[in-house]
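To start, the structure under review is shown below, and the notes come after it.
There are 2 protein chains.
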Amino acid sequence: MAIVDDHPIVIEGLKNLLAAQPDLEITGSFTTGTEFLVFLKDHVVDVVLLDITLPDISGIELCKEIRMMAPQTFVLALSNHNERSMIFQMLHNGASGYLLKNASANELINSIHEALEGKVTFSNSIREIMSMPHLTEFREKPAITKRELEILKLIAQGETTAGMAESLFLSKLTIETHRRNLLQKFAVKNVAQLISIATQQGIVP
Amino acid sequence: MAIVDDHPIVIEGLKNLLAAQPDLEITGSFTTGTEFLVFLKDHVVDVVLLDITLPDISGIELCKEIRMMAPQTFVLALSNHNERSMIFQMLHNGASGYLLKNASANELINSIHEALEGKVTFSNSIREIMSMPHLTEFREKPAITKRELEILKLIAQGETTAGMAESLFLSKLTIETHRRNLLQKFAVKNVAQLISIATQQGIVP
DNA sequence: CTTCCTCTACTGGTTTTCTGGTATATTTAC
DNA sequence: GTAAATATACCAGAAAACCAGTAGAGGAAG
Numbered sequence: 001m002a003i004v005d006d007h008p009i010v011i012e013g014l015k016n017l018l019a020a021q022p023d024l025e026i027t028g029s030f031t032t033g034t035e036f037l038v039f040l041k042d043h044v045v046d047v048v049l050l051d052i053t054l055p056d057i058s059g060i061e062l063c064k065e066i067r068m069m070a071p072q073t074f075v076l077a078l079s080n081h082n083e084r085s086m087i088f089q090m091l092h093n094g095a096s097g098y099l100l101k102n103a104s105a106n107e108l109i110n111s112i113h114e115a116l117e118g119k120v121t122f123s124n125s126i127r128e129i130m131s132m133p134h135l136t137e138f139r140e141k142p143a144i145t146k147r148e149l150e151i152l153k154l155i156a157q158g159e160t161t162a163g164m165a166e167s168l169f170l171s172k173l174t175i176e177t178h179r180r181n182l183l184q185k186f187a188v189k190n191v192a193q194l195i196s197i198a199t200q201q202g203i204v205p
Numbered sequence: 001m002a003i004v005d006d007h008p009i010v011i012e013g014l015k016n017l018l019a020a021q022p023d024l025e026i027t028g029s030f031t032t033g034t035e036f037l038v039f040l041k042d043h044v045v046d047v048v049l050l051d052i053t054l055p056d057i058s059g060i061e062l063c064k065e066i067r068m069m070a071p072q073t074f075v076l077a078l079s080n081h082n083e084r085s086m087i088f089q090m091l092h093n094g095a096s097g098y099l100l101k102n103a104s105a106n107e108l109i110n111s112i113h114e115a116l117e118g119k120v121t122f123s124n125s126i127r128e129i130m131s132m133p134h135l136t137e138f139r140e141k142p143a144i145t146k147r148e149l150e151i152l153k154l155i156a157q158g159e160t161t162a163g164m165a166e167s168l169f170l171s172k173l174t175i176e177t178h179r180r181n182l183l184q185k186f187a188v189k190n191v192a193q194l195i196s197i198a199t200q201q202g203i204v205p
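Just so you know, the sequences run in chain order A and B.
Numbering follows UniProt numbering, in which position 173 of the first sequence is assigned residue number 173; successive positions increment by one, without gaps.
Numbering follows UniProt numbering, in which position 203 of the second sequence is assigned residue number 203; successive positions increment by one, without gaps.
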């Protein structure tokens with residue numbers, strides 16, 4: 001099995017926790033997604049523990065690529081993110097499970113064994129989050145497109161519709177449509193509320 | 001030394017990394033703040049590696065309490081948060097340093113040694129963040145009156161000038177003046193930027 | 001290949017915000 | 001008790017945002 005995580009401390013911890021398991025041998029650990037993809041080209045990996053926040057590419061994207069390159073490799077997401085959308089995105093991209101980093105050693109080892117058997121598993125806290133749809137996140141993050149995100153950030157910086165139209169070489173009518181969609185997706189009345197909520201949710205820095 | 005972190009994996013990793021250091025003996029590891037405070041009552045701890053996000057209380061608060069209870073105990077923050085405000089809050093509360101969790105083993109060990117000597121240390125990435133301040137964070141918080149704060153919050157909630165005038169029993173021309181003063185005090189072009197910056201500065205929740 | 005999504009763009013309007021000024025009670029602070 | 005800051009209020013016009021509806025081009029996914 002392999003580990004992909006940009007925190008050396010976490011890698012050490014995992015190695016240590018799994019050292020006691022004779023059937024789980026760690027064949028490689030990586031701090032970037034590309035490093036692992038290179039490794040995967042000429043090595044067989046049964047299961048990979050995959051962090052979602054990586055320096056080069058998102059774990060969500062990486063998961064998809066891994067599954068395309070090596071469908072026999074099971075992917076277990078290991079992350080601090082407990083947003084439902086993250087979990088579902090990972091599963092959608094072929095992950096075999098999702099563990100929070102605060103999982104106990106037992107949870108971790110069990111999940112790896114289950115993943116190796118082809119089962120889909122979650123750490124306990126994730127199960128809770130998945131079963132309680134709206135308590136953990138009273139407001140779901142809306143699905144927002146790349147262009148919309150771009151516009152959203154510019155709005156937060158104080159750019160006006162006309163200014164954005166000019167700098168993005170678009171009609172200002174187009175920008176207005178994006179604006180409208182943002183307001184509608186976030187279910188808010190005006191930009192003030194839009195920026196307020198987007199910032200709270202960490203979508204805008 | 002002691003470790004407070006809600007991730008068992010991280011605790012394992014740290015134990016492992018520090019096992020090779022004969023002068024650093026780990027006398028306790030804890031997953032909650034209160035557990036550690038109890039331990040601290042009848043144990044001497046030279047240095048504690050402290051996570052900021054804990055299940056019970058914030059590491060920032062905990063740091064303050066530790067320093068009050070045991071001033072001879074050095075606190076090293078260990079976190080994923082790379083916001084300048086976090087770093088400064090920790091230092092303000094008496095931390096001896098701040099490490100990102102993606103720090104290398106060497107950085108970690110060096111920092112612990114330096115902390116033990118009473119020095120203030122940071123991991124490399126934190127040093128960068130601290131030396132290259134973001135433009136928005138340079139901005140000092142403008143002096144804002146009670147009424148203005150009230151209006152600011154209502155704006156962030158999506159209230160319009162007319163709506164606020166009605167709910168506060170004021171002329172809408174008055175609200176417009178407050179609005180204008182807010183824009184002027186924050187030196188911004190429009191509400192979008194106003195809310196963006198006010199939220200970043202924690203003025204609006 | 002067809003359906004769905006995203007990005008693009010338009011018409012024609014209403015509402016709200018923003019920008020100049022100006023001005024007067026009422027607190028607050030020294 | 002006086003000066004400064006704060007909260008209140010007005011006028012008028014320009015600029016920007018918001019609303020409702022429509023629609024084609026292009027890409028992704030099934």
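Where is the CB? At the ideal position from N, CA and C, for every residue including glycine.
- Query: CB-CB under 7 angstroms to Q21(A), same chain, minus the five flanking residues each way: which ones, in chain order?
  - Reply: For the purposes of this step, residue 21(A) is taken as the residue at position 21 of the first sequence. The answer, listed in chain order, is I109.
- Reduced DSSP category for V4(B) - H, G, I as helix; E, B as strand; rest coil: As a position in the second sequence, residue 4(B) is number 4, starting the count at 1. V4(B) falls in the strand class under three-state DSSP.
- Can you name the residues of chain A whose CB is closer than 8 angstroms to the CB of S196(B)? Within the second sequence, numbered from 1, the residue matching residue 196(B) stands at position 196. Correct list: A156, Q157, G158, I195, T199 and V204.
- Message: Can you check whether the C-beta of G59(B) is within less than 8 angstroms of a C-beta belonging to chain A?
- Response: Position 59 of the second sequence, counted from the first residue, corresponds to residue 59(B). No, G59(B) does not count as interfacial toward chain A.
- Query: If we cut at 8 angstroms on Cβ distances, does N110(B) have a partner in chain A?
  - Reply: Position 110 of the second sequence, counted from the first residue, corresponds to residue 110(B). No, no contact with chain A.
- Item | Sequence-distant residues of its chain with Cβ nearer than 6 angstroms to K43(A) (five each side left out) | The count along the first sequence starts at 1 and reaches residue 43(A) at position 43. First, the residue type needs correcting, since residue 43(A) is His and not Lys in the sequence shown. Correct list: empty, nothing qualifies.
- Message: Looking at chain B, is there any beta carbon in it that lies within less than 8 angstroms of the beta carbon of N16(A)?
- Response: Stepping through the first sequence from its first residue, residue 16(A) is reached at position 16. At least one chain B Cβ lies under 8 angstroms of N16(A).
- Under the three-state reduction of DSSP, which class applies to V38(B): helix, strand or coil? Sequence index remark: in the second sequence, residue 38(B) carries index 38 (1-based). Note: V38(B) maps to helix in three-state DSSP.
- Item | Within chain B, partners of E12(A) - CB distance below 7 angstroms | Residue numbering aside, residue 12(A) sits at position 12 when the first sequence is read from its first letter. Result: G13, N16 and L17.
- Message: I'd like the span of the beta strand (DSSP E) that includes L183(B), first residue to last.
- Response: Here residue 183(B) refers to the residue found at position 183 when the second sequence is read from its first residue. No beta strand (DSSP E) holds L183(B); the alpha helix (DSSP H) holding it covers K172 to F186.
- Task: Go through its chain and collect everything with a Cβ distance to F39(B)'s Cβ below 6 angstroms, but skip five positions before and after it.
- Result: Locating residue 39(B) in the second sequence gives position 39, where the first residue counts as 1. Once the five neighbours on either side are set aside, the close Cβ partners of F39(B) are G28.
- Item | Closer than 8 angstroms at the beta carbon, the chain B residues around D56(A) | For the purposes of this step, residue 56(A) is taken as residue 56 along the first sequence, with counting starting at 1. Correct list: empty, because the minimum Cβ distance to chain B is about 13 angstroms.
- Listing by chain order, which chain A residues have their CB less than 7 angstroms from the CB of I9(B)? Taking the second sequence and counting its residues from 1, the one referred to as residue 9(B) is at position 9. Those within 7 angstroms of I9(B) in chain A are V10, G13, L14, L17 and K101.
- Message: Rounded to whole angstroms, what is the Cα-Cα separation between L14(A) and E12(B)?
- Response: On the first sequence, position 14 is the one that residue 14(A) refers to. On the second sequence, position 12 is the one that residue 12(B) refers to. Those two C-alpha atoms are separated by around 7 angstroms.
- Message: One question on the structure: do L76(B) and L49(B) come within less than 8 angstroms of each other, judged by their Cβ atoms?
- Response: Translated into positions along the second sequence, residue 76(B) becomes position 76. Translated into positions along the second sequence, residue 49(B) becomes position 49. Against a cut-off of 8 angstroms, the Cβ pair of L49(B) and L76(B) comes out as a contact.
- Query: Terminal residues of the continuous beta strand (DSSP E) containing L54(B)?
  - Reply: Taking the second sequence and counting its residues from 1, the one referred to as residue 54(B) is at position 54. Premise fails: L54(B) is in no beta strand (DSSP E) and is neither H nor E.
- Query: Helix, strand or coil: which one does DSSP assign to T27(B)?
  - Reply: Start at 1 with the first residue of the second sequence, and residue 27(B) comes out as number 27. Looking at T27(B) - three-state DSSP - the assignment turns out to be coil, as it is neither helix nor strand.
- By how many angstroms is the C-alpha of I60(A) removed from the C-alpha of A198(A)? Residue mapping note: residue 198(A) aligns to position 198 of the first sequence, counting from 1. Residue mapping note: residue 60(A) aligns to position 60 of the first sequence, counting from 1. Taking the straight line joining both Cα atoms gives about 21 angstroms.
- Excluding the 5 residues preceding and the 5 following S125(B) in the sequence, name in chain order all residues of the same chain whose CB lies nearer than 8 angstroms to its CB. Along the second sequence, read from residue 1 onward, the residue named residue 125(B) stands at position 125. Here the set comprises N82, L100, N102 and A103.
- Query: Is it true that the CB of Q193(B) sits closer than 8 angstroms to the CB of A165(A)?
  - Reply: Within the first sequence, numbered from 1, the residue matching residue 165(A) stands at position 165. Within the second sequence, numbered from 1, the residue matching residue 193(B) stands at position 193. Contact: no.
- Item | Straight-line gap, P55(B) to R67(B) (C-alpha atoms, nearest Å) | One-based indexing of the second sequence puts residue 55(B) at position 55. One-based indexing of the second sequence puts residue 67(B) at position 67. In a straight line, the C-alpha of P55(B) is about 20 angstroms away from that of R67(B).
- Tell me whether T145(B) sits in a helix, a strand or coil according to DSSP, three-state version. Translated into the one-based positions of the second sequence, residue 145(B) becomes position 145. Here T145(B) sits in coil by DSSP.
- Limits of the alpha helix (DSSP H) - the one that residue 277(B) falls within: The first residue shown for chain B is 1 and the last is 205, placing residue 277(B) beyond what the model contains.
- CB contact check: K189(A) to chain B, cutoff 8 angstroms: Counting from one through the first sequence, the residue named residue 189(A) turns up at place 189. Yes, K189(A) counts as interfacial toward chain B.
- Query: If you draw a straight line from the C-alpha of S196(A) to the C-alpha of K41(B), how long is it?
  - Reply: Translated into positions along the first sequence, residue 196(A) becomes position 196. Translated into positions along the second sequence, residue 41(B) becomes position 41. Between S196(A) and K41(B), the C-alpha separation is close to 42 angstroms.
- Task: Output the distance between the C-alpha atoms of E117(B) and V47(B), rounded to the nearest integer angstrom.
- Result: The residue labelled residue 117(B) in the question sits at position 117 within the second sequence. The residue labelled residue 47(B) in the question sits at position 47 within the second sequence. Cα to Cα, the separation comes out at about 10 angstroms.
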